[in-house]
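Please read the structure below before turning to the comments.
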Amino acid sequence: MSVMDNTINVTIIDREGKSHLLEAPTDMNLNIMEICKVYNLPVEGICGGMALCASCQCYLESDTNLPEQGDSELAMLAEAFHVRDNSRLGCQIRITEDINGIVLRLAPK
Amino acid sequence: MVQSDIIIIGAGPVGLFTVFEAGLLKLRCHLIDSLPQPGGQLIEIYPKKPIYDIPGYPIINAGDLVNKLLDQIAVFKPGFTLGETVTSLEEIGDNQFVVSTNRGTQHRAPIVMIAGGLGVFEPRKPPIENLERYEDKGVEYIIKDPEFYRDKRVVISGGGDSALDWTIYFAENKIASEISLVHRRTSFRGHLDSVQKVMNLANEGRINLITDAEVVGINATTTNSLASVVIKHTNLGEIIKDADHFIPLFGLTPSLGPIADWGLEIEKNAVKVNTYDYSTNRKGVYAVGDMNTYPGKLKLILCGFHEGTLAVQSAFAKIYPNKKNVLKYTTVNGVNGF
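Residue numbers (the working numbering), protein chains in the order written: chain G, 1 to 109; chain P, 1001 to 1338.
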């Protein structure tokens, strides 16, 4: 997997199990929730990225090293449903070179 | 019944600024919001957070922006109904609408402007089959009166402050005859002293603390009210717990609420509008700010200000079809309040 200039690869597996390989720019300060919306994947992002609705919950399926979860994300995941050990909020994962090749599966609604 | 020119549903920044633009056209507004204070999510969620994209303010705290908006519109003396949630929109004769709230307050106006932002915050309901069938028949999401649970067997689920606090309250005040707290994990995300209290109550045998477990099902009595809950435990498998009440406490989640049933065209959880004047498919009903959607929509306060400004021009033309309206600059005319 090669990193083009300022672009990384992100794989999102939708709720039907279909895999989507997305190119995501690292220089636009985007997060996973926003990238999903850009590609019209079924992620609502109701709260706009404030870790308040869990509509962008996904499961981390690659061994990507992500920064530790913040308090607001942990608080939200404590109250969300379908939460597993590898649950993350897409809105809290920034698109950076460090996550090139990440694989995430969308959690049920 | 309160009569005004425009009923604005939602007292967030966009609803507030719409009062100003309406006031310039001598239209009187009444705002309704389910929160107890104006400002919407800016006050409720991030009052101390800085906003960087308000023209003329390189940086402004959300709370300060709301205060400035309130100052700006004070001259137009808007009415406020706070802490009440709109429930119904009814069209009566003479091109008038009646908007009612959950407390029975009624407001009348020829124009309704929906500026509902994220929507109303409703209890998050766990994905349990047929859960809704038992609402008010043993399943409640909000504890209104603790006495309601006197001498009952209560199962609470959740891991946040609300679940902890109510468990402690019920146990310490000896209200419920039996109290169980079910939580998915072994650790809780509440205040440390609340967590400690719950642990102590469990050790003293005053509550049943069931962790690593989730309520996954409901059994009913012959009269169709709650008989027991089915708990799935990570190690112990299925546990059936007899209960009179099951109270899932998983915080709140934003939703369109009753607006979804008003016959408005809905797309992506938002109200579809015509960008000519931000009108909806119902004549006299407009939607501005985060709650509307149209091609190219951006959920920005800035855009909401623009939308409200254009919407009140259209509202004026609808209220006064025979009056000519000329755009007047505040620099020339000043701001003449009511």
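Glycine residues also receive a C-beta, built at the ideal position from the N, C-alpha and C atoms. These numbers were taken from a predicted model, which means no experiment stands behind them.
Spatial neighbours of residue i in its chain, beta-carbon cut-off 7 Å, leaving aside the 5 residues before and after
| i | result |
| --- | --- |
| Y1149/P | F1170, I1175, A1176, H1245 |
| Y1278/P | Y1286, A1287, V1288, N1292, E1307, L1310, A1311 |
| A78/G | none |
| T1087/P | S1100, T1101, N1102, P1258 |
| P1078/P | V1019, C1029, H1030, L1031 |
Whole-Å CB distance - residue i paired with residue j, under 8 Å assumed
| i | j | result |
| --- | --- | --- |
| C53/G | G90/G | The Cβ separation is near 11 Å, so there is no contact. |
| Q1037/P | L1082/P | 6 Å |
| Y1046/P | A1062/P | 5 Å |
| G1023/P | F1080/P | 15 Å between Cβ atoms; not a contact. |
| V1198/P | L1164/P | 5 Å |
Chain G within 9 Å of residue i, Cβ atoms only
| i | result |
| --- | --- |
| N1061/P | no |
| T1253/P | yes |
| K1299/P | yes |
| I1339/P | Missing from the structure shown is residue 1339/P; chain P here goes from 1001 to 1338 and no further. |
| D1165/P | no |
| Y1046/P | yes |
| L1069/P | no |
| R1028/P | no |
| G1305/P | For the sequence presented, residue 1305/P should be read as Phe rather than Gly. False, the Cβ-Cβ gap to chain G never drops below 9 Å. |
| I1006/P | no |
| D1290/P | yes |
| F1246/P | no |
| G1263/P | no |
Interface flag, residue i vs chain P, CB-CB below 9 Å
| i | result |
| --- | --- |
| I46/G | yes |
| G101/G | no |
| H20/G | no |
| A110/G | As shown, chain G starts at 1 and ends at 109. That puts residue 110/G outside it, with no answer to give. |
| M1/G | Here the model assigns M1/G a pLDDT of 48, short of 50, so the residue's position is not dependable, and the following value carries that caveat. Judged by the 9 Å Cβ criterion, M1/G is not in contact with chain P. |
| L74/G | yes |
Cβ shell of residue i (< 6 Å), same chain only, five flanking positions each side left out
| i | result |
| --- | --- |
| G1158/P | L1249, F1250 |
| R1028/P | S1004, D1005 |
| M1/G | Caution is warranted here: a pLDDT of 48 is assigned to M1/G, below 50, making its placement in the model unreliable, and no coordinate value can be reported. |
| L106/G | D14, R15, C58 |
Contact set for residue i: own chain, Cβ-Cβ below 8 Å, skip 5 residues either direction
| i | result |
| --- | --- |
| T75/G | For clarity, residue 75/G is Ala in the given sequence; the question names Thr instead. A51, listed in sequence order. |
| F1097/P | I1007, L1089, E1090, E1091, R1108, A1109, P1110, I1111, V1112, G1284, V1285 |
Along the stretch 1202–1220 of chain P, what residues have a CB closer than 7 Å to any CB found in chain G?
none
Beta carbons nearer than 9 Å to chain G: which residues of the stretch 1269–1286 of chain P have them?
N1269
Give the list of continuous beta strand (DSSP E) stretches no shorter than 3 residues that lie fully inside the stretch 1259–1321 of chain P.
1270–1272, 1285–1287
Could you tell me which whole beta strand (DSSP E) segments of length 3 or greater appear in the stretch 7–89 of chain G?
7–13, 19–25, 57–60, 87–89
Along the stretch 26–60 of chain G, where does the CB come closer than 9 Å to a CB of chain P? Name the residues.
E44, I46, C47, G48, M50, L52, C53, A54, S55
Whole beta strand (DSSP E) runs in the stretch 1003–1070 of chain P with 3 or more residues, listed along the chain?
1006–1009, 1029–1033
Residues of the stretch 78–95 of chain G in Cβ contact with chain P at a cutoff of 9 Å, in chain order, please.
A78, E79, A80, F81, H82, V83
Which parts of the stretch 1188–1215 of chain P are runs of the beta strand (DSSP E), unbroken and 3 residues or longer, counting only runs that do not cross its ends?
1208–1211
For the stretch 1118–1148 of chain P, which residues have a CB atom closer than 7 Å to at least one CB atom of chain G, in sequence order?
L1118, R1124, P1126, P1127
Going residue by residue through the stretch 1152–1183 of chain P, where are the continuous beta strand (DSSP E) segments of at least 3 residues, counting only ones entirely within it?
1153–1157, 1178–1183
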